[in-house]
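Residue numbers (the UniProt record's numbering), protein chains in the order written: chain A, 1 to 410; chain B, 1 to 410. Read the structure below first, then the notes.
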């Protein structure tokens with residue numbers, strides 16, 4: 001199979017989306033799965049929120065610019081990307097905090113069951129949050145069972161309370177079968193919480209169709225909401241009337257401005273709100289979501305697969321790249337919008353790439369991770385990235401001392 | 001006593017600070033205790049973080065611009081305003097979420113005690129958070145005892161685990177005696193959590209000297225960090241090695257980038273971090289704090305008292321204002337940087353004032369609340385505000401229909 005790269009870019013229906021982002025010309029950014037690029041719409045919106053709304057309209061902006069509804073409004077913009085109908089998604093807090101709310105919500109629904117099944121290789125914060133709940137409530141109410149990926153299905157026994165999984169693995173990009181695992185879990189009466197950090201905005205999702213109970217996800221990766229953007233939380237409508245989450249903040253109150261001393265949860269998805277959210281941060285995310293206008297997740301997925309396939313194809317043509325061992329699934333259907341390779345010098349290779357204007361990231365202990373974001377990446381970018389990588393590996397540029405010193409954030 | 005207003009403004013050492021804020025010329029903003037005004041430094045910093053750091057330097061900014069240390073760095077800037085030594089203040093999440101962490105931390109330290117004493121008239125979210133913990137853990141581990149203000153001292157018995165109070169009451173502005181109440185609580189083995197939402201940046205504080213255990217506070221009121229700015233959390237150093245908080249997110253891990261599956265809390269104040277924070281929101285607050293450079297909290301307090309005294313003096317000269325009944329303490333030593341008045345038409349009076357470019361806020365059921373922020377308010381502003389208020393009350397302008405319809409946020 002041979003590729004005509006210029007032709008691929010010419011036929012790319014998503015190519016015009018690149019102009020919606022501010023990205024440095026010289027950089028090939030393969031780390032949108034860690035921090036999404038800056039949408040021009042966010043720049044404009046932040047300026048508006050800061051200067052006009054905060055600076056000029058001050059406190060009246062809560063009504064005048066509808067700050068108060070922003071968590072719901074932004075949630076409704078995310079919902080279609082998740083395959084979620086209205087009134088089920090809200091934006092607030094971080095993934096960690098939202099997971100905590102959902103873990104306790106789910107455990108409370110499952111009286112007599114305490115086990116929370118997850119994957120050893122899950123993103124650590126997810127496991128940490130369960131450990132925190134376990135320490136607080138004791139093993140009789142919460143017990144983390146973390147198993148290897150291949151043992152998940154066997155672990156779904158009828159004494160399990162919750163199955164909590166990250167849909168796309170942060171290291172390998174492997175995708176779990178959401179429909180199958182949710183169904184198997186439900187057959188045993190298990191409630192399912194999906195972490196969509198590496199899925200939302202990257203692959204098509206069908207939360208409603210898969211009958212998912214709860215989910216959380218990230219605003220700053222494929223949704224391009226800015227560094228540390230607020231997270232989102234999905235709760236299926238069928239559960240709204242029977243749940244209570246523990247972080248009873250005033251923003252989740254049915255009537256916050258009555259300042260009643262007794263907590264009465266708001267109806268619906270709003271009951272998951274806690275404290276006052278950062279309006280600047282949320283507005284940046286809200287504006288960023290407009291780049292998804294007029295494209296479907298199927299189109300994004302198709303280009304994402306084509307980009308990773310091209311990368312692998314070009315890599316195979318260079319024997320100097322053989323030492324980079326693919327640890328993502330070879331079948332593009334089974335992986336998200338990333339490719340990960342292990343190499344003993346992974347950290348130094350990442351640093352050398354960054355020094356040559358190709359930006360991947362390193363994941364301990366030995367992984368170079370490339371993210372492919374179809375909204376701002378071209379096929380020519382992929383070809384250039386391979387050329388740079390080839391140069392670094394063939395010339396062993398990564399052995400240079402300056403690429404070995406680890407920074408605080410890797 | 002008579003006032004020479006021009007003279008007061010001329011002698012005001014804080015007057016030059018007004019130029020550090022972007023405030024609409026025509027507005028007299030008496031609501032900085034709800035949403036602080038926009039510091040020019042924040043405008044510039046946000047632009048830098050968005051365009052240069054996020055847009056251009058992308059993921060490398062976590063190291064290059066030290067995003068990773070921002071929660072600690074901003075905490076250290078707040079510490080002197082609290083009378084707190086280094087390594088005890090961190091910026092993260094919301095007041096509500098931080099209170100949750102501290103409530104459970106404190107309850108866990110107090111085995112055998114479950115009572116959390118607070119004030120009926122506390123800001124509701126504080127009470128709600130205790131209610132959430134009570135529902136989760138049961139009354140044997142957490143039991144909210146909310147009492148009238150005058151009954152607090154009697155409620156401090158040796159079966160109480162935690163005293164949780166807001167230092168300055170959001171409705172009346174009444175100040176609790178932090179030193180005395182902390183001491184009385186400690187005599188009974190009670191841990192004390194102070195909510196400093198209306199105190200930080202408004203009145204001098206001495207957390208270390210008062211031997212306070214824990215505290216939380218707000219970034220968006222007197223600290224001018226922007227709408228929904230992240231909150232701060234104080235934990236006395238003497239407790240750092242014996243505590244554990246339940247929201248075990250990866251940012252609070254000793255080595256977050258080792259991605260270890262087991263949670264090991266970071267040493268010191270960093271253990272209170274949970275998820276990834278919004279860098280834009282936090283940078284806005286960090287920059288806003290620079291307006292406190294080269295002024296002392298004593299200077300701010302002195303001007304604040306002078307402003308509220310002037311307001312009350314001028315009010316007394318207008319019999320048409322007698323129906324506005326002061327519900328803040330008459331002794332300026334006993335109240336924070338606000339004045340509250342009850343009136344049956346409080347909501348409409350607020351709306352009429354706003355319509356005439358004087359911005360207070362309404363607090364249910366019947367309070368007009370004026371905040372006095374010495375960094376951007378002049379004595380002339382106070383005199384003008386009284387003139388406008390007098391006009392509205394004397395002419396009964398507030399009875400106009402258009403001022404009666406309540407907005408979503410009051």
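By construction, the Cβ of each residue, glycine as well, lies at the ideal position given by its N, Cα and C atoms.
Three or more Cβ pairs drawn from the region 115 to 124 of chain B and the region 162 to 179 of chain B lie within less than 8 Å of each other, which places the two stretches in contact. Going by DSSP, residue 309 (chain A) is part of no beta strand (DSSP E) but of the alpha helix (DSSP H) stretching over 297 to 316. Against chain B, the beta carbon of residue 253 (chain A) has neighbours under 9 Å at 124, 125 and 128, listed in chain order.
From the listed residues A:87, A:403 and A:322, the smallest Cα separation to residue 238 (chain A) is found for A:87. Residue contact check for residue 43 (chain A) against chain B: a CB pair falls below 8 Å.
In the three-state scheme derived from DSSP, where H, G and I count as helix and E and B as strand, residue 27 (chain A) is classed as coil. About 6 Å separates the CB atoms of residue 89 (chain B) and residue 232 (chain B); that is less than 8 Å, so the two are in contact.
If you draw a straight line from the Cα of residue 364 (chain A) to the Cα of residue 264 (chain B), it is about 17 Å long.
For chain A, the residues of the region 233 to 247 of chain B that bring a beta carbon within less than 9 Å of one of its beta carbons are 244, 245, 246 and 247, in chain order. C-alpha of residue 311 (chain A) to C-alpha of residue 298 (chain A): approximately 20 Å in a straight line.
Minimum Cα-Cα distance from residue 100 (chain B) among the listed residues B:137, B:151 and B:78 corresponds to B:137. Put simply, the backbone Cα of residue 283 (chain A) is about 11 Å away from that of residue 227 (chain B). Pairing residue 243 (chain A) with residue 209 (chain A), the inter-Cα distance amounts to about 21 Å. Contact check for residue 102 (chain B) and residue 216 (chain B): beta-carbon distance about 7 Å, within the 8 Å limit, so the pair qualifies.
DSSP places residue 393 (chain B) in the uninterrupted alpha helix (DSSP H) bounded by 379 to 394. Apart from sequence neighbours up to five positions away, the residues of its chain that approach residue 344 (chain B) with a beta-carbon distance below 7 Å are 366, ordered along the chain.
Annotation: residue 7 (chain A) is outside any beta strand (DSSP E); the continuous alpha helix (DSSP H) that includes it extends over 5 to 11. Contact between residue 338 (chain B) and residue 33 (chain B) holds: their C-beta atoms lie close to 5 Å from each other, under 8 Å. In the DSSP assignment, residue 22 (chain A) forms a beta bridge with A:38. Checking the DSSP bridge columns, you'll see residue 115 (chain B) partnered with B:143 and B:160.
In the DSSP annotation of this structure, the continuous segment of the beta strand (DSSP E) that includes residue 194 (chain A) starts and ends at 191 to 195.
Short of 6 Å from the beta carbon of residue 328 (chain A), and not among the five residues preceding or following it, lie these beta carbons of its own chain, in chain order: 172, 173, 335, 339 and 340. When secondary structure is reduced to three states using DSSP, residue 324 (chain A) falls in the coil class, being assigned neither helix nor strand. Among the CB atoms of chain B, one or more fall inside 8 Å of the CB of residue 250 (chain A). Nearest to residue 158 (chain A) by alpha-carbon distance, out of A:118, A:127, A:114 and A:175, is A:114. Ranked by Cα distance from residue 149 (chain B), the options B:83, B:119 and B:321 are led by B:119. Considering only beta carbons, the part of the region 355 to 369 of chain B lying closer than 8 Å to chain A consists of 359, 361, 363 and 364, in chain order.
Around the beta carbon of residue 405 (chain B), fewer than 16 other beta carbons lie within 10 angstroms, which makes this residue exposed.
The alpha-carbon of residue 98 (chain B) is positioned some 46 Å away from that of residue 379 (chain A). Per DSSP, residue 340 (chain A) is one residue of the beta strand (DSSP E) stretching across 338 to 342. Per the coordinates, the alpha-carbon of residue 373 (chain B) lies some 24 Å from the alpha-carbon of residue 68 (chain A).
Contact between the region 37 to 47 of chain A and the region 255 to 269 of chain A is absent: fewer than 3 CB-CB pairs across the two stretches fall below 8 Å.
At a cut-off of 8 Å between beta carbons, residue 110 (chain A) makes no contact with chain B. Contact between residue 386 (chain B) and residue 315 (chain B) holds, with the beta-carbon distance rounding to 6 Å and staying under 8 Å.
A straight line joining the alpha-carbon of residue 240 (chain B) with that of residue 22 (chain B) spans about 40 Å. Taken in chain order, the whole beta strand (DSSP E) runs of length 3 or more contained in the region 37 to 93 of chain B are 89 to 91.
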